[in-house]
Amino acid sequence: MPAAPILMVVGDPETTEAPLVRLGHVADDSIAVSIYALVREGVRQRPALAATMASSIRMRFVDGYRPVRIDFRGDEIEVSDDADDEDRACDLELSGRLGDIAALVVAPLAGGLPKPTTRRRSRGVAVVSRSPWR
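0 is the number of the first residue of the sequence shown in numbering that gives the first Met the number 0; add one for each residue after it.
Put into structure tokens, the structure is as follows:
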């Protein structure tokens with residue numbers, strides 16, 4: 000059986016400077032502020048990992064909320080409402096109900112998928128099993 004992939008982080012978490020997390024353009028009824036708070040806390044907990052990320056994520060919500068975009072740029076992370084500009088590429092797009100996306104965001108991962116080790120955290124697995132990505 001092959002060994003599980005290892006996520007390598009360059010730099011020591013104690014000495015790596017955390018990227019700046021900025022809140023970009025948001026509307027009055029945006030949930031991007033809540034996503035910003037989650038991202039900021041994640042950066043505080045794992046600054047070395049956050050500093051190595053370079054990608055864009057778009058979250059689309061089927062329950063009426065504006066799409067949110069997270070741009071990881073190494074030394075800076077921006078969270079904002081997505082302008083829904085189709086010309087602007089993203090590396091990952093999540094689409095679903097707010098509760099389902101939140102369950103995926105906070106679920107602990109093993110090999111890139113939600114880890115069902117406890118009843119409390121197994122909701123992320125249920126979300127993936129209902130998804131059309133199979």
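For every residue, glycine included, the Cβ atom is placed at its ideal position computed from N, Cα and C.
- Put simply, the backbone Cα of D62 is about 25 Å away from that of R39.
- When beta bridges are read from the DSSP output, R21 appears opposite E77.
- DSSP, reduced to helix, strand and coil, places S29 outside both helices and strands of the structure shown, so it counts as coil.
- In this structure, DSSP gives E40 a helical state, which the three-state scheme calls helix.
- Per DSSP, the continuous alpha helix (DSSP H) segment holding A47 begins and ends at P46 to T51.
- In the same chain as V104, and ignoring 5 residues on each side of it, the C-beta atoms closer than 7 Å to its own belong to L37, in chain order.
- For the options T51, P107 and A88, the alpha carbon positioned closest to that of L19 is the one of T51.
- Judged by beta-carbon spacing, R57 lies beyond the 7 Å limit of R72, meaning their Cβ atoms are not closer than that value.
- DSSP places D70 within a strand segment (E or B) once states are collapsed to three.
- Here L93 has M58 and I100 as same chain residues with Cβ atoms under 6 Å from its own Cβ, once five neighbours each way along the sequence are excluded.
- Between S54 and D80, the C-beta gap is not smaller than 7 Å, which leaves the two residues out of contact.
- Under the criterion of beta carbons closer than 8 Å, Y64 and I30 qualify as touching, at roughly 5 Å.
- Shown here, G95 sits in a strand according to DSSP, grouped into three states.
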